[in-house]
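A.B. asks:
Protein chains: 2
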Amino acid sequence: MFHDSAQLDLMFQALADPARRMMVERLSRGSASVSELAEPLDMSLSAVMQHLQLLETSGLVRSEKVGRVRTCRIEPKGLSMAESWISERRSTWERRLDRLGDFLAAQSKTNPKE
Amino acid sequence: MFHDSAQLDLMFQALADPARRMMVERLSRGSASVSELAEPLDMSLSAVMQHLQLLETSGLVRSEKVGRVRTCRIEPKGLSMAESWISERRSTWERRLDRLGDFLAAQSKTNPKE
DNA sequence: TCAATTGTAAAGTGGATGCTTAACTATTGC
DNA sequence: GCAATAGTTAAGCATCCACTTTACAATTGA
């Protein structure tokens, strides 16, 4: 119910980049190494690392290194935080529009010519 | 189903700022003028205008001017686009985790000691 | 009519973002 | 051991972003 504003900043910021969304998309289909994440992206490994770091500090992704391979996966709680902020706003204005609709319906019943 | 990447960039970018989220939050409770949007925000009207412009080009908000007052409202289709991108990703990994759970359950039935 | 209100436009500024390249470390397979 | 693989760190750079200030325009109410 209570949203940490700073964390929402980071999450939406993280999702605002096509490369990072691609990475999230890839990870939603299963865990992957850094180079696997980099493979479809037209940029250096170093750049991918920087995107990954942002995804981690935003809480959308976590990773751990075993041997020389770092394996990344989705952090389930992450996306739901962003999603729920949006859906709470949406339900607020949907309820409001409903009440407005009711009001207008009632109006036209009482004063059909107005 | 098909997401315009550039528009998603703009939407998530728009939501990545606390001032703009406040504006969306305010508008989800009903339409408002530019100065009403500005009132709780600790910045110049000019700055609020610039945030508003971003919200408009991202498709989250629309506005129209009557007399000297510009009235702003939520664009219903806007938020749902961002929301649905997230929820599609979520359902992908949720399905995957389900399958993984099934697999592990089957494993432990066949090889209870492994 | 004229002053207050409401909004716009333009230019400037400091700091964040999204890369790059280069140099380096740790692990693995032969 | 040693070359290839996988990742990490740091520095640098162009561009974008979130404001500000200043000046201006249109509308309204007394």
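Protein chains in written order, with full-length UniProt numbering: chain A, 1 to 114; chain S, 1 to 114.
From the three backbone atoms N, C-alpha and C, an ideal C-beta is built for every residue, glycine too.
Just to make sure I have the definition right: I need the residues of chain A whose C-beta is within less than 8 Å of the C-beta of S/S28. Which are they?
C.D. replies: As a working note, residue 28 of chain S is residue 28 in the second sequence. Simply R89, R90, T92, W93 and R96.
A.B. asks: Under 8 Å between beta-carbons, which chain A residues line up against S/S31? List them in chain order, please.
C.D. replies: On the second sequence, position 31 is the one that residue 31 of chain S refers to. Ordered by position in chain A, no residue passes the 8 Å Cβ test against S/S31, which lies about 10 Å from the chain.
A.B. asks: Tell me, please, whether the CB atom of S/K19 is closer than 8 Å to any CB atom in chain A?
C.D. replies: Within the second sequence, residue 19 of chain S is the residue found at index 19, counting from 1. It should be pointed out that residue 19 of chain S corresponds to Ala in this sequence rather than to Lys. Closer than 8 Å: no.
A.B. asks: Whose Cβ in chain S lies nearer than 9 Å to the Cβ of A/S80?
C.D. replies: Position 80 of the first sequence, counting from 1, holds the residue named residue 80 of chain A. The answer, in chain order, is I86 and R90.
A.B. asks: Does DSSP put A/A6 in a helix, in a strand, or in coil?
C.D. replies: Your numbering for residue 6 of chain A matches position 6 in the first sequence. A/A6: helix per DSSP, three-state reduction.
A.B. asks: Assuming S/L8 contacts A/R29 under a Cβ cut-off of 8 Å, what Cβ separation, rounded to an integer in Å, is found between them?
C.D. replies: By 1-based counting over the second sequence, the position of residue 8 of chain S is 8. By 1-based counting over the first sequence, the position of residue 29 of chain A is 29. The Cβ separation is near 18 Å, so there is no contact.
A.B. asks: Answer with yes or no whether the minimum CB distance from A/E75 to chain S is below 8 Å.
C.D. replies: Residue 75 of chain A sits at position 75 when you count from the first residue of the first sequence. Judged by the 8 Å Cβ criterion, A/E75 is not in contact with chain S.
A.B. asks: If the criterion is Cβ atoms closer than 8 Å, does the pair S/R99 and A/V24 meet it?
C.D. replies: Mapped onto the second sequence, residue 99 of chain S falls at position 99. Mapped onto the first sequence, residue 24 of chain A falls at position 24. Not in contact: S/R99 and A/V24 (Cβ atoms no closer than 8 Å).
A.B. asks: How many Å lie between S/L41 and S/A19 at the Cα?
C.D. replies: In the second sequence, residue 41 of chain S corresponds to position 41, counting from 1. In the second sequence, residue 19 of chain S corresponds to position 19, counting from 1. Taking the straight line joining both Cα atoms gives about 7 Å.
A.B. asks: Thinking C-alpha only, which one of S/S80, S/R96, S/L97 and S/T92 is nearest S/L15?
C.D. replies: As a working note, residue 15 of chain S is residue 15 in the second sequence. When each option's Cα is compared against that of S/L15, the closest is S/S80.
A.B. asks: So, under 8 Å CB-CB, A/R70 and A/S33 are touching, yes? Tell me the CB distance rounded to an integer number of Å.
C.D. replies: Counting from one through the first sequence, the residue named residue 70 of chain A turns up at place 70. Counting from one through the first sequence, the residue named residue 33 of chain A turns up at place 33. Indeed they touch by this definition, with Cβ atoms about 6 Å apart.
A.B. asks: Excluding sequence positions up to five away, which residues of its chain have a Cβ less than 6 Å from the Cβ of A/E36?
C.D. replies: Here the question's residue 36 of chain A lines up with position 36 in the first sequence. Nothing listed; no residue qualifies.
A.B. asks: Along the chain, where does the beta strand (DSSP E) that runs through A/P70 open and close?
C.D. replies: Translated into positions along the first sequence, residue 70 of chain A becomes position 70. Looking at the sequence itself, residue 70 of chain A is Arg, so the reference to Pro does not match. V69 to I74 is the extent of the beta strand (DSSP E) around A/R70.
A.B. asks: Name, in chain order, the residues that DSSP records as bridge partners for S/V66.
C.D. replies: Taking the second sequence and counting its residues from 1, the one referred to as residue 66 of chain S is at position 66. Its beta-bridge partners are S/V69.
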